[in-house]
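S.K.: Chain order of the listed sequences is A and B.
The numbering used here puts the first residue of the first sequence at 66, with every later residue one more than the last.
The numbering used here puts the first residue of the second sequence at 4, with every later residue one more than the last.
Quick one: the structure is below, and I'll ask about it shortly.
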Amino acid sequence: MKDRIIGGYDNFVLPFMAGVIFLGAYLLIGFVRILYNIPSGDRKKLLISLITPKTILKNIRDIICDCLIHVKIFKRKALLGYMHASIAFGWFMLILLGHIEVALFVPERNGILYYPVFYRYFVAEQHHTIRGGFFFFLMDFFLLMVLSGITLAIIKRFRSIIFGMKRTTKPSLADRIGLYALWSIFPLRLLAEGFTAGISGGGFLTNSIHYVFASFFGNDLNILPTWWAYSIALGLFFFAMPFSRYMHIVTETVLILFRNAGLKVTKPRKGFAEAEIYSCPGCGLCIDACPMNVLKKNVKYSSVYFIRFLRRHNTRKINEIAQKCLMCGKCSSICPVSIDSCGIRQAQRETITNILPYDYGFLKKPGLYPVPQPDCSTDPGKEKVLYFAGCMTHLTPAIIKAMTGIFDAAGTDYYFADENGGLCCGRPLMLAGKTRAAREVIEANTKMIMDSGCNTMILNCPICLKIFREEYSLKGIRILHHSEYIEELIQKKRINVKKNNMSYVYHDPCELGRGCGIYEPPRNIIKMLGELKKAGKERKESICCGGSLGSITLNYHDRNKITEDSLDSLIINNPENIVTACPLCYKTFGNMAEIPVMDLAQAVNKNIIKNKQI
Amino acid sequence: MIDFGYTLNPSSRINLDNFDRNKFEKLSKSEPDVLLCIGCGSCTASCTAGKYTDTSLRKAILSILDCNEKAAVDFAASCLLCGKCTLVCPRSINTRNLLLSITKIYGKKQ
Chain A
66 MKDRIIGGYD NFVLPFMAGV IFLGAYLLIG FVRILYNIPS GDRKKLLISL
116 ITPKTILKNI RDIICDCLIH VKIFKRKALL GYMHASIAFG WFMLILLGHI
166 EVALFVPERN GILYYPVFYR YFVAEQHHTI RGGFFFFLMD FFLLMVLSGI
216 TLAIIKRFRS IIFGMKRTTK PSLADRIGLY ALWSIFPLRL LAEGFTAGIS
266 GGGFLTNSIH YVFASFFGND LNILPTWWAY SIALGLFFFA MPFSRYMHIV
316 TETVLILFRN AGLKVTKPRK GFAEAEIYSC PGCGLCIDAC PMNVLKKNVK
366 YSSVYFIRFL RRHNTRKINE IAQKCLMCGK CSSICPVSID SCGIRQAQRE
416 TITNILPYDY GFLKKPGLYP VPQPDCSTDP GKEKVLYFAG CMTHLTPAII
466 KAMTGIFDAA GTDYYFADEN GGLCCGRPLM LAGKTRAARE VIEANTKMIM
516 DSGCNTMILN CPICLKIFRE EYSLKGIRIL HHSEYIEELI QKKRINVKKN
566 NMSYVYHDPC ELGRGCGIYE PPRNIIKMLG ELKKAGKERK ESICCGGSLG
616 SITLNYHDRN KITEDSLDSL IINNPENIVT ACPLCYKTFG NMAEIPVMDL
666 AQAVNKNIIK NKQI
Chain B
4 MIDFGYTLNP SSRINLDNFD RNKFEKLSKS EPDVLLCIGC GSCTASCTAG
54 KYTDTSLRKA ILSILDCNEK AAVDFAASCL LCGKCTLVCP RSINTRNLLL
104 SITKIYGKKQ
């Protein structure tokens with residue numbers, strides 16, 4: 066093993082070095098900018114998380130699982146996962162092994178950036194010694210892995226449906242440059258190492274290439290041009306990276322550190338949001354996921370294009386997309402990088418609507434809510450239930466009737482907070498970006514709830530549930546969705562239900578499933594009532610009913626199309642009833658479905674066995 | 004003022020010269036559904052905030068057409084954006100965006 070080139074330098078490393086230095090400088094400036102723009106409290110959180118052993122372990126695990134092996138994509142579609150993992154993991158191993166080789170065999174060259182990359186050119190080695198052969202084999206093996214990934218990537222460009230994607234992202238100019246550079250890097254590396262294999266040795270792949278080409282190419286003459294081409298492809302890729310989607314290769318690791326430190330989006334384009342924007346790999350999984358895309362004209366509203374416009378500071382487009390989105394959260398839930406695009410949209414909406422005038426003076430008026438006298442006589446351990454129906458449930462009195470029926474059957478002593486009309490929970494204001502106004506509503510509601518002296522709060526509406534759990538500070542009060550409460554009642558045998566021979570399909574409301582992570586309780590209850598049939602898309606991937614309060618500008622016609630699409634997915638297995646757990650979904654589906662739609666409370670109330678004492 | 008024991012109603016005269024066509028065109032571009040309103044009042048009847056204040060989308064739209072921009076903003080000021088009016092509207096007007104657009108175009112920024 067010896068240095069083949071005295072001085073360990075050749076001019077062909079220049080394009081690569083220029084690219085690396087440019088990229089390094091760009092990343093450094095970007096990183097400092099992000100740190101500068103996050104609130105100081107968050108900076109402290111980040112620092113603490115970086116020295117906490119638990120978060121360190123989580124960081125390492127997440128970086129390996131998400132950035133290298135792409136576990137999330139594997140779970141979705143194995144072939145697509147392999148394509149991403151082979152390129153990421155293979156390339157990582159090539160870099161790592163290159164550095165190990167330098168450290169082991171030519172330690173005097175440690176720290177020279179280009180040396181591990183062009184190791185085969187600079188160092189001659191014997192492939193029949195064990196340690197030489199070992200590394201030759203590994204390097205060729207991982208090169209083969211990357212090449213297989215690149216082949217799949219090229220196939221995907223032309224026929225993405227093989228990989229389970231109906232639509233894929235239209236690359237921008239910088240994306241294209243990066244893409245073609247990436248495609249050419251590894252074949253060029255194979256050729257370069259193949260031509261050099263006669264001098265520097267090679268493994269099963271590079272040696273074979275050498276033998277194949279030796280007779281008619283005169284390999285020695287091709288050595289330098291191919292190494293030049295390899296270096297230029299790398300340099301080009303690094304120059305294109307900051308302007309293309311390939312930036313995610315580096316920024317994703319930073320994003321994982323930020324996310325595990327518990328940082329949240331505060332500004333739409335700066336700080337944490339900027340880390341998210343640059344971490345978008347532009348894979349386009351969100352295009353197929355977006356419920357709005359049943360209409361072809363709406364493809365541009367997908368998160369991947371939203372983020373692209375954010376990168377370009379195209380304010381008009383950014384505002385248009387931010388206002389259009391249903392905020393169902395499906396794109397975030399299937400995103401391999403878990404980019405919280407709804408959070409960015411909400412922050413963007415704040416820039417438009419938070420400055421608008423409003424007048425909530427009426428919230429301060431005394432006697433807004435009829436607050437009951439706190440019942441001090443009973444023991445503190447007793448369940449004191451506050452039932453908050455919410456605005457939407459008041460438009461569907463059937464649900465209220467069913468709920469009161471269940472309360473009566475269970476013998477629950479409850480207080481109906483907004484029986485004669487209450488306030489909104491504040492979530493719709495939050496979603497529209499009027500956070501300042503929402504805080505005032507939250508304050509008024511909190512006062513009412515704390516005054517009532519309850520210790521359990523039951524909500525019908527998942528929209529309310531999400532904000533009550535996340536934004537309200539209600540110490541000592543259990544906040545339950547009615548599906549969780551009913552499940553508890555059945556488990557404690559406070560109510561009994563009979564099983565009938567009907568079949569049901571359950572629709573996961575966005576805010577309940579993806580928003581609050583409640584998937585099982587409603588399903589468990591339905592299984593006790595009858596047969597539960599599967600929907601086409603369910604749980605994490607359930608399609609929004611189209612009625613979502615998240616969208617501000619989506620019109621009735623477009624919403625109807627989404628409702629139709631969602632219904633089609635629900636009735637795919639011919640159920641007899643559709644059950645949902647959200648008054649808004651209930652109302653939206655109720656207008657259009659051909660089979661009966663009911664809320665979970667109604668389904669339970671219908672099958673309740675009354676007078677169980679007798 | 005001497006109290007004569009009777010009052011006069013404020014003038015309900017509508018001066019169409021005050022109608023700001025540019026603003027209205029901006030509004031109907033921002034939310035075209037404003038042209039669909041038939042003034043039935045379902046939105047007001049179902050309004051959450053309407054129970055406590057005189058918030059009314061119907062009156063807000065009428066006030067704009069009657070050239071009283073300030074009244075229109077006042078009628079929309081206490082809206083909680085809860086979305087009940089969207090669901091009850093017989094013309095399926097996208098009421099939330101309409102209310103936001105009215106405050107955005109006719110209201111003064113805070």
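The beta-carbon is built from N, C-alpha and C at its ideal position, and this holds for glycine as well.
A quick note: this is a predicted structure, and the numbers were derived from the prediction, not measured.
If we cut at 8 Å on Cβ distances, does A497/A have a partner in chain B?
M.R.: Yes - at least one Cβ of chain B is within 8 Å of the one on A497/A.
S.K.: Let's see if you can read the secondary structure: which residues bound the alpha helix (DSSP H) around N384/A?
M.R.: 380-389 is the extent of the alpha helix (DSSP H) around N384/A.
S.K.: Can you tell me whether S616/A is helix, strand or coil according to DSSP?
M.R.: Three-state DSSP puts S616/A in coil, outside helix and strand.
S.K.: Determine, using beta carbons only, whether G197/A and G266/A come nearer to each other than 8 Å.
M.R.: Yes.
S.K.: Between Y147/A and C456/A, what straight-line distance do the alpha-carbon atoms span, to the nearest angstrom?
M.R.: So the alpha carbons of these two residues sit roughly 47 Å apart.
S.K.: Less than 8 Å between the CB atoms is what I'm expecting for D205/A and F281/A, so what's the real figure, rounded?
M.R.: Contact doesn't hold; Cβ gap of about 23 Å is too wide.
S.K.: State the Cα-Cα distance for the pair A668/A and G470/A, rounded to the nearest angstrom.
M.R.: The straight-line gap from Cα to Cα measures roughly 12 Å.
S.K.: Quick check on P431/A - is its C-beta less than 8 Å from some C-beta in chain B?
M.R.: So, not an interface residue.
S.K.: Per DSSP, what kind of secondary structure is Y651/A in: helix, strand or coil?
M.R.: In this structure, Y651/A counts as helix in the three-state DSSP scheme.
S.K.: Measure the alpha-carbon distance for G155/A versus I134/A and round it to whole angstroms.
M.R.: So the alpha carbons of these two residues sit roughly 10 Å apart.
S.K.: Below 7 Å on C-beta distance, what does A80/B contact in chain A?
M.R.: Within chain A, the residues near A80/B are P422, Y423, D424.
S.K.: Give me whichever residues DSSP pairs with V23/A in a beta bridge.
M.R.: Residue 23/A is absent from the structure shown; chain A starts at 66 and stops at 679.
S.K.: Do C407/A and S397/A have their C-beta atoms within less than 8 Å of each other?
M.R.: In this structure, S397/A lies closer than 8 Å to C407/A by Cβ.
S.K.: According to DSSP, is N485/A part of a helix, a strand, or is it coil?
M.R.: It is coil, neither helix nor strand.
S.K.: Give a yes or no on whether the minimum CB-CB distance between K54/B and chain A is below 8 Å.
M.R.: It does: the Cβ of K54/B has a partner Cβ on chain A nearer than 8 Å.
S.K.: Determine the extent of the beta strand (DSSP E) in which M204/A is found, giving its start and end residues.
M.R.: Per DSSP, M204/A belongs to no beta strand (DSSP E); it is in the alpha helix (DSSP H), 195-223.
S.K.: Whole angstroms are fine: how far does the CA of A79/B sit from the CA of I64/B?
M.R.: So the two alpha carbons sit approximately 10 Å from each other.
S.K.: Between which residues of its own chain and R61/B is the CB-CB distance below 8 Å, once the five residues before and five after are set aside?
M.R.: C40, G42, C43, G44, C46, T47.
S.K.: Spell out whether any CB of chain B is found under 8 Å from the CB atom of K669/A.
M.R.: Note that residue 669/A corresponds to Val in the displayed sequence, not to Lys. It does not; no Cβ of chain B falls within 8 Å.
S.K.: So the beta strand (DSSP E) N102/A belongs to, where does it begin and stop?
M.R.: Unbroken run through N102/A is the alpha helix (DSSP H), 79-102; no beta strand (DSSP E).
S.K.: Along the segment 608-622 of chain A, where does the CB come closer than 7 Å to a CB of chain B? Name the residues.
M.R.: Answer in chain order: L614, I617, T618, N620, Y621.
S.K.: Who are the neighbours of K87/B on chain A, taking C-beta pairs under 8 Å?
M.R.: C456, M457, H459, L460, listed in chain order.
S.K.: Hey, V211/A and F251/A: beta-carbon distance below 8 Å or not?
M.R.: Yes, the Cβ-Cβ distance between V211/A and F251/A is below 8 Å.
S.K.: Taking only beta-carbon positions, decide if K26/B is within less than 8 Å of chain A.
M.R.: By this cut-off, K26/B is not an interface position.
S.K.: Using a Cβ cut-off of 8 Å (strictly closer), state whether R99/B contacts chain C.
M.R.: In the structure shown, chain C cannot be found, because the protein chains are A and B.
S.K.: Drop a sphere of 10 angstroms on the beta-carbon of A150/A, count the other beta-carbons inside from all chains shown, and report buried for 16 or more, exposed for fewer.
M.R.: Buried: at least 16 other Cβ atoms inside 10 Å.
S.K.: Which residues in the same chain as L554/A place their Cβ atom closer than 6 Å to its Cβ, once the five residues preceding and following it in sequence are excluded?
M.R.: A475, I560.
S.K.: From L577/A to A298/A, what distance separates their C-alpha atoms?
M.R.: Roughly 48 Å between the two C-alpha positions.
S.K.: Taking the CB atoms as reference points, tell me whether I523/A and Y480/A lie closer together than 8 Å.
M.R.: It is not a contact, given that the beta carbons lie outside the stated cut-off.
S.K.: Under a three-way DSSP split, which group does L545/A fall into?
M.R.: Strand at L545/A.
S.K.: With a threshold of 7 Å on Cβ separation, who are the neighbours of F427/A within its own chain once the five nearest residues in sequence on each side are excluded?
M.R.: Excluding sequence neighbours, F427/A sits near nothing in its chain.
S.K.: Rank K602/A, F453/A, Y423/A by C-alpha distance to the C-alpha of Y434/A and give the top, closest one.
M.R.: Per the Cα distances, F453/A.
S.K.: From the DSSP output, read off the bridge partner residues of E317/A.
M.R.: Looking at the DSSP assignment, E317/A forms no beta bridge with any residue, so it has no partner.
S.K.: By the three-class DSSP mapping on this structure, what secondary structure does T89/B have?
M.R.: T89/B falls in the helix class under three-state DSSP.
S.K.: Quick one: what does DSSP say M657/A is sitting in, helix, strand or coil?
M.R.: M657/A: helix per DSSP, three-state reduction.
S.K.: Which whole-angstrom value is the C-beta distance of Y569/A and V644/A, which I expect to be below 8 Å?
M.R.: At roughly 5 Å, the Cβ-Cβ gap stays under 8 Å, so Y569/A and V644/A are in contact.
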